Amino acid sequence: MSSNLRILFALLFLPLLSFGQQMQISGTVYDTTNNVPLSQAMAMVVRIKDSVLIDFQRTDKSGTFSFSSLPVDTLQLIVSHPKFGEREFYFFGRPDNATFELKKIILPERSQHIEEVTIYAYKDPIYYKGDTLVYVADSFATKPNAVVEDLLKKLPGIKVNTDGSITSQGKEISQVLVDGDEFFGADPTMATKNLAAKGVESVQVYEKKNENATEGDETIQVLDLKLKDDAKKGYFGKTSVASDFRRFYEGELLANKFNKDQKISVFALVSNTTNSSLKWQDAYKFGIETGFSYNEEEDSWQSDNIQQGSGIPTTLKTGVYFEDQVTKKTKLGVNYTYSNNGLEAVEQNRSQYFLSDTTYATDQNNNARSQSQSHALNLSIEHQLDSLTTIEFEPRLKINLVDKENNNLIDFLGADEVLNRQTTVRNANDATGTNLKTRVALIRNFKKKDRKLNVTYRFTYDENKSTGNLYSLDRNIYSPLLNDTIDQEKRNNSLSLSHTASVIYVEPLNAKIKFEFEYELFSNHNDQLKKTYNFENGSYEAVDSSLSNEFESTKLQNRVGTSLIYEHKKHRFVAGARFRNVEISNKNLISDSTIFQSVNNILPRIRYTYKISQNNRLMVNYNTNSSQPSLNQLQPVRDNTNPNRISLGNPDLKPNFVHSAFVNYNIYKPVSGQYFWSRLSTSITQNAFTSSVEFDQFGRTYTKTVNTNGNSYSNLYLGGGFPIYKQVLELGPSINAGYSRFNNYVNGVRNLTINQSIGAGLDLSFETDSLEFSIGGEFSYTDPNSSISSASSLPYSTQRYSANLMLKLPFRIGIESDAMYTVNSKRADGYNINFLIWNASITRSFGKLENLIAGVTVYDILNQNISAGRDVNANVITDSKTNIIARYFLVKLTYKFNSSKIKEDESHF
194 MSSNLRILFA LLFLPLLSFG QQMQISGTVY DTTNNVPLSQ AMAMVVRIKD SVLIDFQRTD
254 KSGTFSFSSL PVDTLQLIVS HPKFGEREFY FFGRPDNATF ELKKIILPER SQHIEEVTIY
314 AYKDPIYYKG DTLVYVADSF ATKPNAVVED LLKKLPGIKV NTDGSITSQG KEISQVLVDG
374 DEFFGADPTM ATKNLAAKGV ESVQVYEKKN ENATEGDETI QVLDLKLKDD AKKGYFGKTS
434 VASDFRRFYE GELLANKFNK DQKISVFALV SNTTNSSLKW QDAYKFGIET GFSYNEEEDS
494 WQSDNIQQGS GIPTTLKTGV YFEDQVTKKT KLGVNYTYSN NGLEAVEQNR SQYFLSDTTY
554 ATDQNNNARS QSQSHALNLS IEHQLDSLTT IEFEPRLKIN LVDKENNNLI DFLGADEVLN
614 RQTTVRNAND ATGTNLKTRV ALIRNFKKKD RKLNVTYRFT YDENKSTGNL YSLDRNIYSP
674 LLNDTIDQEK RNNSLSLSHT ASVIYVEPLN AKIKFEFEYE LFSNHNDQLK KTYNFENGSY
734 EAVDSSLSNE FESTKLQNRV GTSLIYEHKK HRFVAGARFR NVEISNKNLI SDSTIFQSVN
794 NILPRIRYTY KISQNNRLMV NYNTNSSQPS LNQLQPVRDN TNPNRISLGN PDLKPNFVHS
854 AFVNYNIYKP VSGQYFWSRL STSITQNAFT SSVEFDQFGR TYTKTVNTNG NSYSNLYLGG
914 GFPIYKQVLE LGPSINAGYS RFNNYVNGVR NLTINQSIGA GLDLSFETDS LEFSIGGEFS
974 YTDPNSSISS ASSLPYSTQR YSANLMLKLP FRIGIESDAM YTVNSKRADG YNINFLIWNA
1034 SITRSFGKLE NLIAGVTVYD ILNQNISAGR DVNANVITDS KTNIIARYFL VKLTYKFNSS
1094 KIKEDESHF
C-alpha cells in the first residue's frame, strides 16, 4: 500500500475532533551510522487539511526538538537532514490525548528508500473490543529489560502470584497465548517469564470454550499477547549465567527468529533456585497430580504433599518451537519440550482434630524427594479449504516419568498432649504416563453474515502405570501387642479412552437476534487395575485381596442445547439451556457386580453485557454444569498408601450439579487514569462430592466420598487505582471477602463448617523516568466455625507489608530492592511465624548497545525465609512450615541480542 493510500485510509477512518486546545510533539533524532544524537536536523509540522506549514525548528546538540503550541488537528511531521533520508509521522490528535513523545527517531541512509510512514492516533490504555478486554502495552511503563510478567504486574485488575499463576479480576487465567497460539505448549510461564515486554503491542483477556471439557466449567479465561510488527522481524534473545561459585546456579538461553509468519524459538533453562522451581501447572503435567485434591469449600485445588515453592529444587528444561505459513492456505506449528525437575523438601506440621467427644493432635515430620521427567510434542495444522472453510488438526503427545519417595514420622498426642502412638511410613513410587490428545475441527462460515457451522471431534488416550513400595511401622506406647508392620508392593495400571463429537450451528434471524444450536456426543471407557502384594518368604508374591481390585467404568453422554443471542447497540443478552442424558456403568470385575445409573439434567445459562462505554462494562452471568466423580472416587477398594489415612471408593456416587453466577463491573477513565474493578461470584452445589470420615481409637481415618447438599461459596473482590499529584503517584486500594458453607460427615454425624473471611489492601506507587517506588500492605482474617466442635472454631489472620524500589543511576548503574514482611497470628505453638524477606541487586550495563549486563543479587538478606501456612478442613486444622532456600547471592551476567542492533530498553522508531 502506498503512503498516499495509508494517509487517505487514516483520514477516512480516524476523524479529528478539534476543540481549540494545543498539541505537543517532541522527539530526539539519531543517525543510523553511529547511533548518536543528530544536531541540525530539520523538523517541520504541516497541517494535513490545507498543507500549511505550522512550525519548524532544528534539533539542538542533544538531537532534540519540541513543539508545544500546536493546534489540535491532523498533522504531518517531516524530519530530515542533508546527510540522511527523511522520516514522516502523522498525528491524529484529540483534546484528551494531545501529547506525543518520539524518544528515538533513527534517520536512514540517503540511499535507503523508506516506504513506510508512522501514524499516531488516539488509543485508550484500556478498552473493550467486543467481549475482549484490551490493555495497550506502551501505556504502562516498565523497567528496562522487563519481561512480560513485569508488564502484567502493571496492568489494573491483573495479579501475578508468586507461583507464576495469573488472575484477572479474581479469576484465574487458564491459558497464555502469543498472537493467538500457544508458546511452547501449555506452559504459560514460558511466555510471561521470557518474552520481552517491549515487544508486546497489547494484552488481551477474554473467555473461550474449553476444548478439553466434557463437563464442569466449559469456558476458560485466556490471556493473549499481541506482538508488535517490529517484534516479528529478525532475531532476538538473551542468554544469562548466574552462580554463587559454591552451591547455587542459574542458566538461561532464549533465541527467537521471526520473519513475518515464520517463528522459530529455542530455549534452555537450568537452575537449582526457587526462581525456576516447579510450578503447579508443571506438577500436574509431570504426573504428580495424585498429590492434589479438590477443596469444594474453597473451589480450589490444594496440595496434599509438600507446599508449593518450598524445598530445594533442581530444574532442567529445554525446547524448540516452530510456526510458519507453509503455503498460502496452510499454517503449521510444532513444538517439543523436555523437562527434568527434582525437589527435596522437609516439612513439619501440627494437625488438631476436633471430635464431638474428644480432641487429639499429630506432629508430623515429612522428608520428600521427587524426580520427574516429561517429553511433550505438540503439532497444529490449520488449512483453509476455501475462503469460507477452515480445517484444524491438533495432536498432542506427553510422556511422563516420575520417581518419588516420602518418609513420614508422625506422633499422635492425646488431649493431654501426651504421646500415645507413633508411626513411621515410607512410600516409594515409580510411575510412567502416556497421554495422547487429538482434535479435528471443521469451521465453516457463510456468505450470510454471522451464520456459522463448527464440527469438532476429539480423542483422548491416557495410560498410567506405577509400581510402589509401602513400609510402615506402627508403635503403640501403652499397648505393645498392637504394634504392627506393613511391607507391601503396589502395582497400579489405568487406561482411559474417550471420544467426543460436537456440532455448533449459528443462524442469524435478523440484524439483532441469532439462534444457536449445539449437540455433543461423549463416550468414555476407563479400566483400573490395582494389585497389592504382601512381603512373604522373601518376595512380594502374596496378593492382598482386601487391597486389590479390577474396576471398569463407562460413560455415554448425549447433550443438546439451544440459545438465543440478542445484540443491539450497548446491550448483549444470551439465554439458553442444554438437555443432557448420562448413562454410567460401574463394574467390579472381581465380584462381577455392576451399578448402572441414568441421569437427566437441564442446564440453563444466561449472560447479559451492558457496554456502558468503551471503557465501562457491566456483565451478569448465570451458568449451570455437572461433573462426574473420578475413577479413584468410584473404585470400591481400600487405599492404604498412607496407613494413617485410608481411603475407600464409592461406586454409588452420583454426578453433582453446580449453579454459579457472577457480576462484573469495570470502569476506566483514560483522562484521569482512574480505574475500578469489581466481581461478586457465588456457587451452590447439589449432590456435592464430600468426605465421610471415620476416626478410630488410634487416630487413623477412613475416608469415603459421598454426595451431600447445602455446599455453597461466595466471594467479593473490589479494587481500584487513583492517580494523584500529576499522575506521578498512584493509590491502589482493594477489598475482598468470602463466605462458604461446607458439609461433610465425621463418624456418621453431619458437620457444617462455615468459613468467613475478609481482607483489605492498600498500595502506593511513585514513578518517574529514573525512579520507581511502591509500598503496600494487605490484611486477611478468617473465622472458621464447625458445628461438630466449637473448639475448632479458631480465627486466624495474616498480614503482609511490601516495598519495591527500582533506581536508575548515572554510569548505566541500576539498583533494585524488594522486601516483604509477613505476620502470622493465632496459629498453633511454634507456627506463629513472622519473617521479613529482603532482596536487593545492583547491575551495570556495558557496550555501545548496553546489552551486556553484569550484576549481583542477594536473596533473603536477613536470612529469615520460611514457607508457612494454615489449612482448615472441616474438623481438622493443620499448621505447617517447610524448609526453603534461605540467604544466598548470585553473580549474574546477561547478554541480550537482536538483529536491529539497538538498545533494548528504549523505544525507537
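Numbering (our numbering), first residue to last: 194 to 1102. Using N, Cα and C, we set each Cβ at its ideal position, and we do this for glycine too. If you're wondering where the values come from, they're calculated on a predicted model, not measured in any experiment.
| query | result |
| --- | --- |
| Phe260 to Ser273 span [Cα, whole Å] | 16 Å |
| 8 Å Cβ cutoff met for Gln566 and Asn533 | yes |
| C-beta atoms of Ala330 and Glu960 nearer than 8 Å | no |
| Straight-line Cα distance separating Thr834 from Asn498 | Caution applies to Asn498, whose pLDDT of 37 falls short of 50 and renders its modelled position unreliable; the value that the coordinates give is listed next. Whole-angstrom Cα-Cα distance: 13 Å. |
| Burial state of Gly323, where buried means 16 or more other Cβ atoms lie within 10 Å | exposed |
| Three or more C-beta pairs below 8 Å linking the region 744-757 and the region 714-723 | yes |
| Inter-residue spacing [alpha-carbon to alpha-carbon] between Lys1001 and His764 | 48 Å |
| Boundaries (first-last residue) of the alpha helix (DSSP H) holding Leu590 | Element bounds for Leu590: not the alpha helix (DSSP H) but the beta strand (DSSP E), 582-606. |
| Ser963 beta carbon less than 8 Å from that of Gly931 | no |
| Range covered by the beta strand (DSSP E) that runs through Gln750 | 742-761 |
| Environment of Lys276 [buried if 16+ CB atoms lie within 10 Å] | exposed |
| Leu827, DSSP secondary structure in three states | helix |
| Cβ shell of Gly535 (< 6 Å), same chain only, five flanking positions each side left out | Thr507, Gln564 |
| Sequence ranges, alpha helix (DSSP H) only - wholly within the region 796-876, length at least 4 | 824-827 |
| Burial state of Glu729, where buried means 16 or more other Cβ atoms lie within 10 Å | exposed |
| Beta-carbon contacts of Tyr428 that lie in its chain and below 8 Å, excluding the five residues immediately before and after | Ala448, Asn449, Lys450, Phe451, Phe1090, Asn1091, Ser1092 |
| Given 8 Å, three or more beta-carbon pairs between the region 700-715 and the region 750-759 | yes |
| Backbone secondary structure at Gly941 - three-state DSSP | coil |
| Residues of its chain near Asp454, where Cβ-Cβ distance is below 7 Å and the 5 sequence neighbours each way are ignored | Asp517, Gln518 |
| Rounded separation between Val513 and Ser853 - CA only | 40 Å |
| DSSP state of Ser1110 mapped onto helix, strand, coil | The first residue shown for the chain is 194 and the last is 1102, placing residue 1110 beyond what the model contains. |
| Neighbour-count burial assignment, Val369, 16 or more Cβ in a 10 Å radius | buried |
| Distance CB(Arg651)-CB(Thr631) smaller than 8 Å | yes |
| Enclosing alpha helix (DSSP H) for Leu344 [first to last residue] | 341-345 |
| Asn528 versus Ser950: straight-line alpha-carbon distance, rounded | 43 Å |
| Burial state of Thr725, where buried means 16 or more other Cβ atoms lie within 10 Å | buried |
| Three or more C-beta pairs below 8 Å linking the region 845-862 and the region 801-821 | yes |
| Rounded C-alpha distance that separates Tyr1014 from Trp1031 | 8 Å |
| Proximal residues to Tyr320 (C-beta, below 7 Å), its chain only, five neighbours per side dropped | Val327, Gln807, Asn808 |
| Environment of Arg800 [buried if 16+ CB atoms lie within 10 Å] | buried |
| Touching by the beta-carbon criterion (3+ pairs, under 8 Å), the region 568-584 and the region 545-557 | no |
| Simplified DSSP state of Asn468, which is helix, strand or coil | helix |
| Residue nearest to Ala768 in terms of C-alpha spacing, selected from Lys723, Lys762, Ser738, Thr817 | Thr817 |
| Touch test, the region 217-224 against the region 286-300, Cβ-Cβ under 8 Å, three pairs minimum | yes |
| Counterpart residues of Ile1078 in DSSP-defined beta bridges | Answer is none; Ile1078 lacks a bridge partner. |
| Contact under 8 Å by Cβ, Leu714 with Asn751 | yes |
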